[in-house]
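A short write-up of the structure that comes next.
What follows is the structure, encoded as structure tokens:
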């Protein structure tokens, strides 16, 4: 599915092979989406979307706003990045990000808002350890919120074409990130399973992974070294060995939550909240089961979820 998307991208640009820097631009030459003007508009619109999904979700952001637990706008001298920081003592988290008016900022705000809702739902658990979540659980909350909110993104876009572009960008991103997660996971396993490998062997193995999982419609002529060391951009390889596959697990779970919501929204939201309320008081499969998800990553399950995303992608293309 990803290869088909990549090929269509190159074809729209009138090329058989694109340059490395062409892979993320709009192939139709359209200007970037501008869904909001400043952090205040981003917050107020996100609050209204959260309230529409579930009033409690909107209340969470409202409480954070009143307590000044939000630092959203990008400004000179501000550190990069975005995150939700849980404050275990009071149970009201803090969101930090660098909003600059892009669609990616909308996804980030909603993503971190999902983490924030998780903090609120698990705030009354007895032990801090119950609120300290593994990524398979934490990212399920945030990635699911991104997808659950999509039907409300017309709050950011008056124009149907722009709305569909935003949704398409979200869904294409989901499909494209899974092969990259597979690449990083395979790469770090090989590194630690072959501790005496040479630099040349490492380069060769990375090149093999790029052939298997990378974009075959990119011409790297003259930039081979950049491709050889492309793994440097994934900090997880340096800082937290074996940590990254969790994002793939969570992303598949989030697709399942969204699929459930399209079939029965009220039940799906109730199941989602019930799972988040558990914090880390249960094992991960039990938490996923509470969300009405299978903790199953077989080819059959992955294929079924990917086909569901593809079907939804066609509806906005």
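Residue numbers (our numbering): 115 to 431.
Beta carbons are placed, not taken as given, at the ideal position from N, Cα and C, and that holds for glycine.
C-beta neighbour in chain C for residue 131, strict 9 Å
Here chain C cannot be found, since the structure has a single protein chain.
In the structure shown, what three-state DSSP assignment does residue 184 receive?
strand
Would you give the residue range spanned by the alpha helix (DSSP H) that residue 230 belongs to?
217-235
Segment contact, 8 Å Cβ cut-off, at least three pairs: the region 238-251 with the region 181-189
no
Quick one: any contact between the region 253-264 and the region 367-377, if contact means 3 or more CB pairs under 8 Å?
yes
Between the CA atoms of residue 266 and residue 143 - distance to the nearest angstrom
26 Å
What would DSSP say about residue 204, mapped onto helix, strand or coil?
coil
Provide the residue span of the alpha helix (DSSP H) that contains residue 308, from first to last.
Counting along the chain, residue 308 falls outside any alpha helix (DSSP H), and DSSP gives it neither H nor E.
Does the structure place the region 332-342 close enough to the region 221-232 that three or more beta carbon pairs sit under 8 Å?
no
CB contact flag (residue 217, residue 280, <9 Å)
yes
For residue 246, report the span of its alpha helix (DSSP H) as first-last.
Where residue 246 is concerned, there is no enclosing alpha helix (DSSP H), given that its DSSP letter is neither H nor E.
Do you know offhand how far residue 306's Cα is from residue 360's?
18 Å
From residue 417 to residue 190, what distance separates their C-alpha atoms?
45 Å
Cβ pair residue 365, residue 288 closer than 9 Å:
yes
Can you have a look at residue 178 and say buried or exposed, based on whether 16 or more other CB atoms are within 10 angstroms of its CB?
buried
Backbone secondary structure at residue 382 - three-state DSSP
helix
Among the residues of its own chain, which have a CB less than 6 Å from the CB of residue 385, if the five just before and after it don't count?
405, 406
Which same chain residues, not among the five before or five after residue 119, have their C-beta less than 8 Å away from its C-beta?
286, 289, 290
Which value, in whole angstroms, describes the spacing of the CA atoms of residue 343 and residue 203?
42 Å
Should residue 346 and residue 358 be called a contact, given that it needs their Cβ atoms to be closer than 9 Å?
no
Assuming residue 390 and residue 236 are in contact, meaning their beta carbons sit under 8 Å apart, how far apart are those beta carbons, in whole angstroms?
7 Å
Over what stretch of residues does the alpha helix (DSSP H) that includes residue 133 continue unbroken?
Element bounds for residue 133: n/a, residue is neither H nor E.
Taking only the alpha-carbon atoms, compute the straight-line gap between residue 355 and residue 296 and give it to the nearest angstrom.
14 Å
Span of the alpha helix (DSSP H) holding residue 199?
Looking at the DSSP string, residue 199 is not in any alpha helix (DSSP H); the run it does join, the beta strand (DSSP E), is 197-199.
Take residue 462 as the anchor and find which of 324, 262, 420 has the nearest alpha-carbon.
Only positions 115 to 431 of the chain appear in this structure, which leaves residue 462 out of reach.
Taking the alpha helix (DSSP H) that residue 350 falls in, what are its first and last residues?
350-353
Indicate the three-state DSSP secondary structure (helix, strand or coil) for residue 178 in the structure shown.
helix
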